Amino acid sequence: MTQLSSAHAFTRLLALVGLVSALAFAGDRAMAWAGRELLLDSELRFSRLYRGELPARVLVLGNSRGVNALLAPALEERTGRQVRTLTWNGLSAELAGVLWFDWLERHEAPEVLLVEVSFLSVPNHQLGDFRPYYAWSERLSDLARDQAATSWWGCRVARLYCLNSPLTFRAAYYAGRSDQGWVNRYSISPALLAATDTMTPEALNPIRDHDVAALRRVLDSAEAAGTEVRLLWAPYLPAYRDKLHDPDAWRAEAERRLGRPVRDDSRTLTDPALFSDRIHLNDRGAEALADTLVGAGFVGRSDR
Amino acid sequence: MLFNSLAFLVFLPTFLLGFALLRGRTRTAWTLAGSYVFYGWWDARFLALILLSTLVDYTVGRKLGAEEDPTLRRRWVTLSVVTNLGILGFFKYAGFFSESFVALARSVGFEPGAFTLDIVLPVGVSFYTFQTMSYTLDLYRERIEVERSLLRFATFVAFFPQLVAGPIVRASHLLPQLRRGPRWRSEDLTIGVGLILLGFAKKVAVADSLAPVVDRVFAEPGVLGGPMLLVGVVFYAFQIYCDFSGYSDIAIGLGRIMGFHLPWNFDRPYFARSFSEFWTRWHITLSKWLRDYLYIPLGGSRSGRARTLRNLMITMLLGGLWHGAAWTFVFWGALHGGYLVLQRGVARWWELGTTAGRIGGSTVGGPARTGPEGSGNARNGFLRAAMEMGVVFSLTCFAWVFFRAPDFATAWQVLAGIGSWAPGSVILRAEVAKGALLVAGLVGLEAMSFRISFGRLMIRSLATRVAAYAALLWLIAVAGTFDGGQFIYFQF
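Protein chains in written order, with our numbering: chain G, 77 to 380; chain U, 18 to 509.
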């Protein structure tokens, strides 16, 4: 092999770096474009939202407690109404607000907006995960620029980075099949159940001003569009609820600050087999809750 | 300064520009200054320790070079060993031993006064103390020449690419290169850039993507099911491999770009078919260091079966303790020592064809096997190789549980959960899917590399290497985790 001088070596290095950078840049743009189009074709709820293909007569918002408590197919079966969910694990009310307004721009207003209110105390940690959709939503992009700057700037530098998210895997998984029935399908482990009995009491996260303001905007806009608003607080594992510091005060504060009643279902279900962990129902729990909600007329049957 | 930080992104081009423009002693001085900036970035106080180690070993080296009296030579080398092990002992192990003493005293009914030692562990201290000790020990054995230039010696000790997490470079390897100055062959730059990108891909795309799953599994093993716990343990095996070998790849790659050759530190370790082979593939420079400066001086395998087994156990126990000041690390070392001892017992029966006494590629007992290809009938050979690899990998994972767990209780909880195979919460599904894909890709590529020389392909064709390097960048963008995660081995 040829021995190189220092100048020659570093000139070669620069040339190699330049060539690699040029190809990397071009490939990044091309592949990211193709990837984004594929992602938008998925049946994942957010892809359908931004395609404008998620019409609903009942729309559900919430975080993971909403995902596992307000199961769209279970509610749809019992109400005869088209129920669709925009719930997501770790979703904050602020982020849910962005999704709601984006949804409303692309669809007719729903008859009912069903909201699980636990996300009033969730920080915007999931905002970065939504980067695959920044390109489709100015609101999302603006919020990310303010609150998830690394993620936002990362997408500017490398477009492929926008696809670097758990949502991309979800979108791939739900290519060609609906995600509306996604729910935990297992029961709480005996170990966790036993640990709950002996755990030290803990407090719920405090309600965040940003989330209250965002949810109020959502509710106001929904009511202005003629949508009925239904707020509820999903079930907790009873043994866990008993360990919470004054949970009723949390709900009362939510009611007061939202200016609307919040239905308390936090102790509606008592059988541990209906839970997947301390704070989430499972599929059977969601079915049982749907029976309760429809039976109580909280979400009415179709009159059409 | 972390390789995966914005500061390093600014530091590296600035350093390389100066390195390219300067010549001779000025270039060496620039390298030393750069290395001190790199190291001092964590905490400038750490520089005092590295300076102390440098000055002591430089002085001892000069004395050893001039002194012929064996007694005095022994005293000088003892000073070096005591100083280096003293630094290591105080900063790394003082807290551990004091806590262990208190625990022991309490267990026999004494109540010693409450005291704790809150000592900051200087980054990379385990690496550079071993590196600089190798200089005085080799001088004492008259295997290398004395280094007369303090500037050059200080640069050897603090050489920034491998300073904080290896490879552990011997004086006999790096000092001659520093004396003659950097040399570049045309393929060095290709290999250098490729290794840096590969290292970043391993660290940022694989190791850091596996980390969230591993962290959750070891944080709450009680609530997770057996399958999830097993996923966490296997992911940890690949997390630590990609984290550590990624760092080594970046270090070796930076060395190549600067015109220096650093030794390989990893060679597809999870394809090892025996534990002796594993230690010729995992952290190779540490294995060789322990072999040459501990195992062989203890007598190696020359003094009968019982002594050989004792030497193996001592070496692996101290190897475990080198990794961290906790009994879980000692137990990890004991497990690997036990595996090597056990292997010696079953090797003849199983016709492994390898010698359990080999640590770090010692020539005792013949060469290590390489790769999945077996001998004889191809199908039987493959099945046999797969079985051997499976056993070695499983037992390695078993040991990793103790290495990763914060305490024995957590480790047993993880193992009991896997053993019971009880159902439980499933977490981070998308992260698990992503991790599984990355691990499968890595294993596939490493398996292919036994048949295809990717390195040679890169060197031969410009188009191939540009495409491959761009592909690594795309992988980093699409799969990387950019939370500025530290390299695991920094804590050692």
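Here a beta-carbon is modelled for each residue, glycine too, at the ideal position from N, C-alpha and C. In this text, all values refer to a predicted model and were calculated from it rather than measured experimentally.
- For U:Ala188, the closest alpha carbon among the candidates U:Arg160, U:Trp349 and U:Thr207 is that of U:Arg160.
- Boundaries for G:Glu170: no beta strand (DSSP E) harbours it, while the alpha helix (DSSP H) harbouring it runs Ala169 to Arg182, taken from the DSSP string.
- Interface annotation for the segment 434-453 of chain U against chain G: Gly434, Ala439, Pro440, Gly441, Ser442, Val443, Leu445, Arg446, Ala447, Glu448, Ala450 and Lys451, criterion Cβ-Cβ distance under 9 angstroms.
- Using a 10 angstroms sphere on the CB of U:Phe288, the tally of other CB atoms reaches 16 or more, which defines it as buried.
- Residue-level contact check: G:Met275 does not touch chain U, since none of the beta carbons of chain U fall below 9 angstroms from its beta carbon.
- Nearest CB-CB separation between G:Asp347 and chain U: not below the 9 angstroms threshold.
- By alpha-carbon distance to G:Leu313, the top candidate from G:Ser297, G:Asp285 and G:Thr344 is G:Thr344.
- Annotation for G:Val191: no alpha helix (DSSP H) segment contains it, though the beta strand (DSSP E) segment containing it runs Val188 to Glu192.
- Fewer than three Cβ pairs drawn from the segment 278-292 of chain G and the segment 236-253 of chain G lie within less than 8 angstroms of each other, which leaves the two stretches out of contact.
- With respect to the 9 angstroms criterion, U:Gly354 and U:Thr325 are not classified as neighbours on the basis of their beta carbons.
- No beta strand (DSSP E) of 3 residues or more sits fully in the segment 90-115 of chain U.
- Secondary structure note for U:Leu68: its alpha helix (DSSP H) is the uninterrupted segment Phe63 to Ala83.
- With 16 or more neighbouring CB atoms inside 10 Å of its own CB, U:Leu455 falls in the buried class.
- According to the DSSP assignment, G:Glu304 belongs to no alpha helix (DSSP H) but to the beta strand (DSSP E) extending over Glu304 to Trp309.
- Cβ atoms of U:Phe20 and U:Tyr264 come within 8 angstroms of each other, at about 7 angstroms.
- Cβ proximity to chain U below 9 angstroms picks out Asn260, Tyr262 and Ser263 from the segment 252-263 of chain G.
- A buried status is given to U:Thr207, since no fewer than 16 other beta-carbon atoms sit within 10 Å of its beta-carbon.
- In the three-state scheme derived from DSSP, where H, G and I count as helix and E and B as strand, U:Phe176 is classed as coil.
- Contact between U:Val231 and U:Leu241 does not hold, since their C-beta atoms are separated by about 12 angstroms, which reaches or exceeds 8 angstroms.
- Close CB contacts of U:Leu271 within its chain, under the 6 angstroms cut and outside five residues either way in sequence, are with Pro178 (chain order).
- By the criterion of a C-beta distance shorter than 7 angstroms, G:Pro186 is surrounded in its chain by Ala132, Arg133, Val134, Leu135 and Thr303, once the five residues flanking it on both sides are discounted.
- Under DSSP, G:Leu320 takes part in a beta bridge, and its partners are G:Glu278.
- Taking 9 angstroms as the CB threshold, U:Thr207 lines the interface with chain G.
- The Cβ atoms of G:Leu151 and G:Leu189 do not sit closer than 9 angstroms to each other.
- Beta-bridge analysis with DSSP links U:Trp201 to G:Leu80.
- By the CB criterion at 9 angstroms, G:Asn139 and G:Phe195 fall inside the cutoff.
- Residue contact with chain G for U:Ser478: absent (no Cβ-Cβ distance below 9 angstroms to any residue of chain G).
- Around the beta-carbon of G:Gln79, fewer than 16 other beta-carbon atoms lie within 10 Å, marking it exposed.
- Annotated three-state conformation of G:Asp359 is helix, per DSSP.
- At a cut-off of 9 angstroms between beta-carbon atoms, U:Ile269 makes no contact with chain G.
- In this chain, the alpha helix (DSSP H) harbouring G:Leu243 covers Pro242 to Tyr249.
- Counting along the chain, G:Leu137 sits inside the beta strand (DSSP E) bounded by residues Val134 to Leu137.
- Taking all protein chains shown into account, G:Thr155 has 16 or more neighbouring C-beta atoms within 10 Å of its C-beta and is therefore buried.
- By the Cβ neighbour-count rule, U:Met465 is exposed, with fewer than 16 other Cβ atoms within 10 Å of its own.
- At least 9 angstroms separates the CB of U:Ser470 from every CB of chain G.
- The beta carbon of G:Thr161 does not come within 9 angstroms of any beta carbon belonging to chain U, so the residue lies off that interface.
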